[in-house]
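S.K.: Next up is a structure, given as structure tokens.
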Amino acid sequence: MAMNGSNKAVGTQPADPNSFAASVKDAATAGFLVAVLGFFFIGVRTDIAPGGLDLKMRWGAWIVSILVVFAGRLLLNLFVFKTNSPITQKFASSMPGNGRFAGAGKWMMRALFAFALILPFFFITFFPNKDRQFIDLAILIMTYIMLGWGLNIVVGLAGLLDLGYVAFYAVGAYSFALLAQYLDIGFWFALPLAGILAACWGIVLGFPVLRLRGDYLAIVTLAFGEIIRVVLLNWYEFTNGPDGISGIPKPTFFGLELKRGEGGFADFFGIAYDPIQRFIFLYYIIFVLALITNFVTMRLRRLPIGRAWEALREDEIACRSLGINTRNTKLTAFSIGAMFGGFAGSFFATRQGFISPESFTFLESAIILAIVVLGGLGSQIGVVIASIVMIGGIELLRNLGFLQQIFGSGFDPVQYRMLIFGLAMVLIMVWKPRGLISTREPSVALKEKKRIGADMVAQGEGH
Amino acid sequence: MDAATNMNNNAQATPNWDKDPVLSVEHLTMRFGGLVAVGDLSFNVGRGDITALIGPNGAGKTTVFNCVTGFYKPTEGRIVMRHGPGRQQEDVDALTDSGQRWKTTGNGAVYLLERMPDHEISHKAKVARTFQNIRLFGGMTVLENLLVAQHNPLMVASGFSIGGILGLPGYKHAQQEAIDKAVYWLEHTNLVDRADDPAADLPYGAQRRLEIARAMCTRPQLLCLDEPAAGLNPRESAELNELLKYIRDEHKVSVLLIEHDMGVVMEISDHVIVLDYGVKISDGPAEFVKNDPKVIAAYLGVDDEDEIDMPEVREDIARVSKDEQAGDAAAPAAKKKAAAKKATSKAGSTKKASAAGASGAKAATAKSSPKASAAAKPAAAKSKAAKPAPAASEVKIANAGDYPGSQPHGLRKAREGGANNLTRVKGIGPASEKKLNALGVWHFDQIAAWKKAEVQWVGSYLAFPGRIEREEWVKQARVLAKGGETEFSKRVDKGAVPSSVPGKRGAKPASKKTTGKGGKA
Amino acid sequence: MSEQKNPLLSVRGVETYYGNIVALRGVDMDVHRGEIVTMIGANGAGKSTLMMTICGDPRARNGQIVYDGVDITQMPTHEIVSLGIAQSPEGRRIFPRMTVMENLQMGAALVDPEFFDEDLAKVFKLFPRLKERISQRGGTLSGGEQQMLAIARALMSRPKLLLLDEPSLGLAPLIVKQIFDAIRELNEKEGLTVFLVEQNAFHALKLAHRGYVMVNGNVTMSGTGAELLKKEEVRAAYLEGGRH
Amino acid sequence: MEYFVQQLINGLTLGSIYGLIAIGYTMVYGIIGMINFAHGDVFMIGAFIALAMFLILTTVFGFVFLPVVLLIVLIVAMIFTSAWGWTVERLAYRPLRGSFRLAPLITAIGMSIVLQNFVQITQGARVKPLPPQIQGGITLMEGGANSISVQLSYMQIIIILTTIVLMAGFTLLITRTSLGRAQRACEQDRKMAALLGINVDRTISLTFVMGAALAAVAGLMFLLLYGVIDFYIGFLAGVKAFTAAVLGGIGSLPGAMLGGLLIGLIEVFWSGYFSVEYKDVAAFSILAIVLIFLPSGLLGQPEVEKV
């Protein structure tokens, strides 16, 4: 990820790549690059003005940005990139290596699980002012964890690159919303239906396209995702188009609604009503759904079908020579992944109470895929970590209002959050191309389970 | 099917592969665009045999494999797999007409592999295979690789995953059985210590063994191995041979293997089929095949004269012959080529030489086959000092009586003025020319004098009965002997003719050879 | 010849890994000017890895490779070859969708264009077959023609050191002979230094002035070609029962 | 009939722009085998640079002679957009060279998000209108009482001509020059290219630079043709152009152009005869159908399954 702009310095007896002069030169190159790249964007600003466009020069911002990059790059060079003793070395040695990290994974998983189990009460107890916000965030993260786990089956295990996973999420959400709207069906009854419908869509899509390879599969899945969105957007009579569907019913607790007053959950149990109860309830619903996803995936991995998925990722031709029907195997991966996407979608619908095609853009697919890849393909715990980091991170950026006091009121940190999100995606990937948890745990062992290094695990033809 | 019967002149009774074939390839043709990779190929694989499909690089062996295992759809032809004894001919024919893919019969079942997708061939017809470039699941452990191979039975045991998810006990039991089976094969391939290591981590030889173990875990009736010995050292090769014999003898699995190199397979094969440029050139027991002159010629691939001309080979021949001091300095031949050819046929007739004999004098020296080397010696001696040759005498072929008809008259050496360029006869390529020379046939007038008995004998000796009549060698030779020209010989003289050996690449024009011979004689 | 002080290529203690798998375990060897040196060994012994490590891909994790007095261990591949090393690599690596001519032009990418016609005439003299195929695509050539093209392409860069990886692999004996003759001719007439990796030990040792034997990432034996040919171990492991 | 011809012209114009962007996708895919998701946003960057440069020339320096202005804008936009293309490759893809193939896909998506939001922050989220600069055209068919007249505007002529010229130039560059040969060599066998002394990294960078330059041309055309741009145009145009590249057979230069034209025509005709809303659905559906029957696209090299 080093941006040492000069190729020329390489080779032919370089003097000393770590000299101070080299660092300055490199930083100057970076600064120059920013000057070029930023000129038309930072240095110039166009705005709509009466009678056309108005052009404003912002020399100050332009020069500041060049200087910031120059200084930052210089510091990085001096202390990290172009030095014999980078300060990151210390971090690196103090941080657990991938192997140990994986070894600690089991304990970490248990700790995380225990925390997730008591999470709402933890927040109520320790952050009583912000509990609703935190639990809501936890619900969001948990939704992405579930989506990540679902997609992990397709991408991580079976090795099929799916860029349109959000379509199944949308199918799930709209299934429930439409079932509720037209047939007055409640969440618990609609949930399995939404999953089944999404799985059917998975098969419908999968059947013709699964003989495509690699990037061709990727583009067709992407196209499929867009088709679904465009249809939802334009089919006014049925889906209400861009206005979306509102008034989606809330889930009930064995028939009890979580509402104030007579017949509600609080009333039934004789406790005081608090809106937080609904959040806690939603949290546990998605928690259980995610657990089911995880449980099923882990079980499947140890079953012949799961091994066949992984074998498919490793070598499809060998699979066929062993009598595995690769088309059916791919279809099961596709449809099971889609099913969990559908479950998550109908949960999303009930949580929001309102859905519109806006929520199912390609960006969502990209985020889910990024979570799976950043976490480490095929790794369940990796998905959890990546979801917490990425989704938690984005949401935290919403709360950086204090920065306004530093940079002035014109500075709105919220608009930077997607920029930072994108940069984080790039940086994490460059830092760990195989994802955070990249080793693979064997599904079965004769004597002891040894984790398998990432360099041996194939990526599947889908990539 | 009938094609398999006529090539084996040595066997007295119908061989096992014709009586009880587990697999029959019938008139298989595979074209890629305009290229014919396999042309009208027929052979049988005997139940309980180790059958080797050999041939030089590019002979179409892997294509045949890919057709048998369903990775390619053959352009034409029928591939029959049989479970249960006998040819089950009626059932096969009934199945062919029915348009179905397989049929259970009184004796077992028959399958038409060309109609089945690849995974069904493994799953239903019980044909397992390995790959030339090892295809293991590198990121999965050795044990997992073997469990993937048992996918189909385990899938049923897991209730198509539903029972497995619910944790029904039946699956646990089935999985334990699968693991036991895997361990059994790991023990026999000496891999049990590596069971929990990723397959990509194994050394090359172990990966080859694992691939075989994985194929065996599918419980095949026919095991197809694509160059299993490639890249193995001699010890590993020997172990592989033991493993294959064990698979054949203890598990009654028929084995069909591809090899590039003849030497490797001769030891274990019950039956050898030789391909060259997509055409079968020999078929029979190992003993028969390795002495077959067509095979010898194909294996050299090109003119073996050039081969011996290589300085290092010449030196080596000289060195070995000196080392071993074989006394047989008699029977000097006029030309080293003739002698070398004789050496191979002699080595063949002793039925002891392995691939050495087959791949000519070059190999003979390198391998420790004393007979072959000894036989090669006069050749070397000859090539060193082109002594004046004694008067012509009858060329003796050791097993001349094995062929129908009578051996034609042969001259020890070409007459004054050198041999004729026999390749000017349509149908005689460089390889056949050499073989004819080895018989003492140097001149057109000799061929012109052949009677029916001789034609029959030579045809059988060259292993293409009927062709001499068909191509009217005798008639052509008569014209040429009188100094006339045929359309074909004109083309040869212009150098425009590729070799006429079927399917063979264009050899260089033979005219150069004539002058060479003339010079030496 | 091996008494020279400064070898053209010297490899010292080179260790190479693929991921965590060790491929070379401290290889030492030299190639002197004007020599043909061969490295023989079984499939997977690490011969091709050594060849590629010399060219910087994969890079040696430990050890040193010095070519013509320059330490090339850490150089990028394209700079190493610009010093006058040409390789005809494992699997030939002909550009399949380029014509024979274009493949040869690629070989001459680093050479002053004024030499092109001269060099082209030279390789066509060596391999007349290529001239006939000049506008055919690389992928449509037969194996032997591809091998010739790979060597011709390497020669087009006017190398001082030619690295050949299994030039005989999968070829008919006549073509092997042609190729080995061509190598010998280049060596004798032009003093081209050749480092040859072969499984076809017999031919390679016959051709080479000196040879090394590689087993499992280690060089276990070395000597002149004739010496090695006589050694029992070599004969047992590489000459008998194997391929020829 | 007149309506059909008019739609045909419109479709070819739109298709030309898609084709120019698609070449960037296909070249990058050819050489490093990855989908450069950020390429659509590089196109958007190009459009913004062109807009800013145009305004600088006309309002700050007061240039009025349109051809010169446009030529300068074109050159500046190509140079600066190339710098962006180069930087994207250097930052997000080169460090991942030779590693896991999904990683650069994710960084590409990340880069796309970064570029979009960077432009949104620095230039604002609102659309930027530019009044039509090149007006008028040729009337090909006079409209009668019950038909419209067919117009071929100068703008459309410029776009189609520029595309043809660039396409021809690039084809020559790729097939005839040593740079093109080096690119094709890297595409077919990167390792071997390095062994022949080709600086692979530089060749790949140049490919990105060339792709970005073409995207800048497309950006300028888009700006002039539609007169409105915003930070989001890159995504949709990118997806369409990528679809075009795949439809034509990814890795094939003429394929990209053909695919671009086809997608343009499909969209325009579908909008013209059926419904504007579902034009994307039509384009994507046709892509899916083509791929099902021709799994490597229209002009792609069929993949031979090696067993």
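Protein chains in written order, with the numbering used here: chain U, 1 to 463; chain L, 464 to 984; chain P, 985 to 1228; chain F, 1229 to 1535.
Even for Gly, the Cβ is constructed at its ideal location relative to N, Cα and C.
Just so we're clear, the structure is a prediction, and the values are computed from it rather than from any experiment.
(1) Unbroken alpha helix (DSSP H) runs of length 4 or more, entirely within the stretch 1160–1218 of chain P: which are they?
(2) Quick check on DSSP: helix, strand or coil for U/T326?
(3) Pick helix, strand or coil for F/A1516, following the three-state DSSP scheme.
(4) Given a cut-off of 8 Å on the beta-carbon distance, is the pair P/V1054 and P/L1034 in contact?
(5) What beta strand (DSSP E) runs, 3 residues minimum, are completely inside the stretch 1327–1409 of chain F?
(6) Give the interface partners of F/K1468 over in chain U, defined as CB-CB distance under 8 Å, in chain order.
(7) Kindly indicate which residue of F/V1496, F/V1233, F/V1270 and F/A1278 has the alpha-carbon position closest to the one of F/K1356.
(8) Which two residues bound the contiguous alpha helix (DSSP H) that contains U/A177?
(9) Strictly below 9 Å CB to CB, what residues from chain C border P/A1093?
(10) Chain F partners of U/Y144, CB-CB under 8 Å?
(11) What's the gap between the Cα of F/A1336 and the Cα of L/S621?
(12) Near L/P774, what residues of its chain come up, given a Cβ to Cβ distance below 8 Å and the 5 sequence neighbours on each side ignored?
(13) Any C-beta of chain U sitting closer than 8 Å to the C-beta of L/L688?
(14) Using a C-beta cutoff of 8 Å, does F/Q1529 count as contacting chain U?
(15) Let me see if you follow: with CB-CB separation under 8 Å, is F/F1450 close to chain U or not?
(16) Determine the closest residue to F/G1487 out of F/V1233, F/L1343 and F/L1240, with distance taken between C-alpha atoms.
(17) Who are the near neighbours of P/N1202 in its chain, counting only those whose CB is closer than 6 Å to its CB and skipping five residues on each side?
(18) Have a look at U/R45 and F/T1350 and give me their C-alpha separation to the nearest angstrom.
(19) Any Cβ of chain F within less than 8 Å of the Cβ of P/V1065?
(20) By the 7 Å beta-carbon criterion, what residues does the stretch 48–59 of chain U contribute toward chain F?
(21) Look up U/L253 in the DSSP assignment and give the residues it is bridged to.
(22) Buried or exposed: which applies to F/S1524, given that a residue is buried once 16 or more other Cβ atoms fall within 10 Å of its Cβ?
(23) Taking 8 Å as the cut-off, decide whether the C-beta atoms of F/F1470 and F/I1251 are in contact.
(24) If I measure Cβ to Cβ from F/V1378 and keep anything under 6 Å in the same chain, skipping five residues before and after, which residues do I get?
(25) Which one or two residues does DSSP pair with P/M1090 in a beta bridge?
(26) Provide the residue span of the alpha helix (DSSP H) that contains U/F224, from first to last.
(27) Quick check: is the beta carbon of U/N325 nearer than 8 Å to any beta carbon in chain L?
(28) Kindly list, in the order they appear in chain U, the residues whose Cβ is closer than 8 Å to that of F/E1505.
(29) For L/W913, which residues in the same chain have their Cβ closer than 6 Å to its Cβ, ignoring the five residues on either side in sequence?
(30) Under 8 Å between the Cβ atoms of U/F334 and U/G150?
(31) At a CB-CB cut-off below 7 Å, which residues of chain F make contact with P/T1061?
(32) Which residues in chain P sit within 7 Å of F/D1417, going by Cβ to Cβ distance?
(33) How many whole angstroms separate the CB atoms of U/K449 and L/D659, which I take to be in contact at a CB cut-off of 8 Å?
(34) Using a Cβ-Cβ cut-off of less than 9 Å, give me the residues of the stretch 664–675 of chain L that come near chain U, in sequence order.
(35) Residues of the stretch 1282–1313 of chain F with a CB closer than 8 Å to any CB of chain U: list them in chain order, please.
(36) Helix, strand or coil: how does DSSP classify P/R1076 here?
M.R.: This is what the structure holds:
(1) If we require 4 residues or more, the alpha helix (DSSP H) runs fully inside the stretch 1160–1218 of chain P come out as 1185–1191 and 1209–1214.
(2) DSSP places U/T326 in the helix class (H, G or I) of the three-state scheme.
(3) Reduced to three states, the DSSP call for F/A1516 is helix.
(4) In this structure, the beta-carbon distance from P/V1054 to P/L1034 does not fall below 8 Å.
(5) With a minimum length of 3 residues, the continuous beta strand (DSSP E) runs that stay inside the stretch 1327–1409 of chain F are 1365–1369 and 1378–1381.
(6) Ordered by position in chain U, no residue passes the 8 Å Cβ test against F/K1468, which lies about 10 Å from the chain.
(7) For F/K1356, the nearest C-alpha among the options comes from F/A1278.
(8) Per DSSP, U/A177 belongs to the alpha helix (DSSP H) from V166 to L183.
(9) Checking the listed chains, one finds no chain C in this structure; the protein chains it contains are U, L, P and F.
(10) The premise fails here: U/Y144 is roughly 15 Å from chain F at the closest Cβ pair, so nothing lies under 8 Å.
(11) Near 41 Å, if we compare the C-alpha coordinates of L/S621 and F/A1336.
(12) Legend: pLDDT at L/P774 = 39, less than 50; position of this residue unreliable, no value from coordinates given.
(13) Cβ-Cβ to chain U under 8 Å: no for L/L688.
(14) It does not: the Cβ of F/Q1529 has no partner Cβ on chain U nearer than 8 Å.
(15) F/F1450 does not count as touching chain U.
(16) Comparing Cα-Cα distances from F/G1487 to each of F/V1233, F/L1343 and F/L1240, the minimum goes to F/L1240.
(17) Only R1009 meet the Cβ criterion.
(18) Rounded to the nearest angstrom, the two C-alpha atoms are 7 Å apart.
(19) With 8 Å as the cut-off, P/V1065 counts as an interface residue toward chain F.
(20) Of all residues in the stretch 48–59 of chain U, I48, G52, L53 and L55 have a Cβ within less than 7 Å of some Cβ in chain F.
(21) In the sequence as presented, Leu is not what sits at residue 253 of chain U; that position holds Phe. Per DSSP, U/L256.
(22) It counts as buried.
(23) No. Outside cutoff.
(24) These residues qualify, in order along the chain: E1230, V1233, Q1234, L1368 and M1369.
(25) Looking at the DSSP output, P/M1090 sits in no beta bridge, so it has no partner there.
(26) G214 to N234 is the span of the alpha helix (DSSP H), which, as asked, contains U/F224.
(27) U/N325 counts as touching chain L.
(28) In chain order: V230, L233 and N234.
(29) When the five nearest sequence neighbours on each side are left out, the beta carbons in the same chain lying within less than 6 Å of the beta carbon of L/W913 are those of P871 and V937, in order along the chain.
(30) Taking C-beta atoms as the reference points, U/F334 and U/G150 fail to come closer than 8 Å.
(31) Among the residues of chain F, those whose CB is under 7 Å from the CB of P/T1061 are A1422 and L1423, following chain order.
(32) Those within 7 Å of F/D1417 in chain P are R1077 and F1079.
(33) The C-beta distance from U/K449 to L/D659 rounds to 7 Å, short enough to fall under 8 Å.
(34) Going along the stretch 664–675 of chain L in chain order, one finds D664 and E674 with a Cβ nearer than 9 Å to chain U.
(35) Taking 8 Å as the Cβ-Cβ cut-off, the stretch 1282–1313 of chain F approaches chain U at L1283, I1284, T1287, V1288, F1308, A1311 and W1312, given in chain order.
(36) Three-state result, P/R1076: coil.
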